[in-house]
Amino acid sequence: MEKDTKNASPMDAPSAHHTPLQNLKIPGWARLGMRHHKSVGKGLRTSGNVLGRSKSSGPSQHSAGTSMTVAQALAFLRDFLTATDATPAQERDLRPYLAKIEKQQAHRIETTDNVEDFPGSEETWRLIRLAAQGSIDAYSDSPGTPTRLVLEPTGDFKKTVISVQQVPNRGRVLVVAIRGSKTMMDWLVNGNGDAVSCQKVLGTNMQSTARCHRGFLTVAEHMQRAVGQAIDKMLNCLETGPADGLDLIFTGHSAGGAIAKLLYAMSASPSHAIANPIPNFCRIHCLVFGAPPITTLPIVPPESGYFQSGLFLNIVNEGDPVSLMQPDYVKALLKFFTLNAIDLERYLTEKYPEGFTVPAPVFRVSGSCIVLRDNDPDNVDDVGWNAVTIRADKLERKLFGNPALHPMAEYLKRVKDLTKDTTG
């Protein structure tokens, strides 16, 4: 069931009766309040594991216990990404896991990453804020209006909201926002992660060797015609053209951001219906939040002037695991979930004698990488944010593992704080 914007749960997982984990006795870990993430995520060096391992003695019992623990951990990650609030007991469930993650240097940006302050102009931040608001609105159940068209989800078609917004001193912007995961079908799509050829779908903009996440590519192919037609419909209502300074933003959060990146790439390919309305715009932007990597080679802005004059930003909350999530990355996180502190130390020493390193990525980060981070992560009483740019290859070596930092509401809060001086 969809929720209003205030209580949006960006990655809603299926309820217990939809999953074989329904009878597991998993302690309170359904939600973690975003307002608590700083106290949960700092200064915690307790031992233990979030999901206790079985102390069974026999090999078959141990194997079954391990499988159960892994299943619980996967469910933990899935459900935790729906976070909106938490009790103190639920926070305690997460603390041992975060303590183990925080012992790794890669859990946050380091001095050696050579990050720089994001040099975003006032106009750029206004566009980011529009995209962030559009992305969270995609989770609400507000009806369509003359300036807001809603494409409802059906099967593997993700809900899409197309709206017209005004940017001071610039003109109007058409925002195409794709909702992230909320249903069992969404989760099946996310898990269908085989890498398949994508040049035919994404056009000559992608090298012939490039491959793409099968599930997201299938959904984007299915959606692109309807989204293109909806954009045309909105343009007809506006009776506008390129001389009117109209921009187009593809945006979305989490899985919605993954689809937004693919629609952005497809819109440069004449073989796709979504490319038909592109000449009506001055600039084409792609601004995504907490979106996973989905192609084996980065998507780059198409050569057309519409795209070259636009923005392609991959915006990440420092610590959000979904922004880097792929199979080997998840396997690494599961070790921190399922092993107690002693066993984890033994495992890391044996497997990484020179120190833990994040598995090499198969799917690569696309777009200019902007990390929204805490000004002083060690000071729980001081909450302030700054935005930094980081090279994609540096970001891909991070071990971000705090699911409380993933909800779109957390992104919007940071964006609002960073833009309050320019957007009011």
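Residue numbers for the sequence shown follow our numbering, so the first one is 160 and each next one is one higher.
No residue lacks a Cβ here, since even glycine has one placed at the ideal position from N, Cα and C.
Nonlocal neighbours in the same chain, by C-beta distance under 7 angstroms from residue i, ignoring five residues either side
i, result
"C441", "P401, G404, L405, D406"
"F495", "Y256, K259, I260, L503, G560"
Beta-carbon separation (whole angstroms), residue i vs residue j, contact threshold 8 angstroms
i, j, result
"A419", "G411", "4 angstroms"
"V475", "A491", "Not a contact, Cβ separation roughly 18 angstroms."
"V326", "L333", "With a Cβ gap of about 11 angstroms, V326 and L333 do not count as contacting."
"V274", "T548", "6 angstroms"
"I295", "L571", "5 angstroms"
8 angstroms Cβ shell around residue i - same chain, five flanking residues per side excluded
i, result
"A450", "G411, H412, S413, A414, G415, G416, A417, A419, K420, N473, V481, S482"
"F316", "L310, V378, H381, M382, A385"
Which of helix, strand or coil DSSP assigns to residue i
i, result
"L191", "Residue placement at L191 is flagged as unreliable, the pLDDT there being 31, under the threshold of 50; the coordinate-derived value follows with that caveat. The answer is coil: DSSP assigns L191 none of H, G, I, E or B."
"N476", "strand"
"R329", "coil"
"Q485", "coil"
"V334", "strand"
"Q324", "strand"
"L203", "With a pLDDT of 32 at L203, under the threshold of 50, the modelled position of that residue is not reliable, and the figure given next carries that caveat. Three-state result, L203: coil."
"F496", "helix"
"T313", "strand"
"F471", "strand"
"H431", "coil"
"T516", "coil"
"H381", "helix"
"K572", "helix"
"E509", "helix"
"N538", "coil"
"K259", "helix"
"E462", "coil"
Range of the contiguous alpha helix (DSSP H) that encloses residue i
i, result
"S294", "281-296"
Where the beta strand (DSSP E) through residue i begins and ends
i, result
"G411", "406-412"
"L308", "307-310"
"F448", "442-448"
"A354", "354-356"
"R109", "This structure cannot settle anything about residue 109, because the visible part of the chain is limited to 160 through 583."
"R267", "First-last for R267: undefined, no H or E at that position."
"H372", "370-372"
Per DSSP, the bridge partner or partners of residue i
i, result
"T548", "E275, I529"
"I390", "BP columns for I390 are empty, so no partner."
"F522", "Bridge partners of F522: none, in fact."
"T455", "None, per the DSSP bridge assignment."
"T319", "L310, I337"
Neighbourhood of residue i by C-beta distance below 6 angstroms, restricted to the same chain and skipping five residues each side
i, result
"K553", "D272"
"K557", "A265"
"F409", "V335, A419, L422, Y423, C445"
"I443", "L407, Y465, F466, G469"
"I458", "K420, A424, S525"
Minimum Cβ-Cβ distance from residue i to chain C less than 7 angstroms
i, result
"P457", "Absent here is chain C; the protein component of the structure consists of one chain."
Any non-hydrogen atom of the ligand MG within 6 angstroms of residue i CB
i, result
"V547", "For the structure depicted, the ligand MG is absent and the ligand set is empty, with no information on it obtainable."
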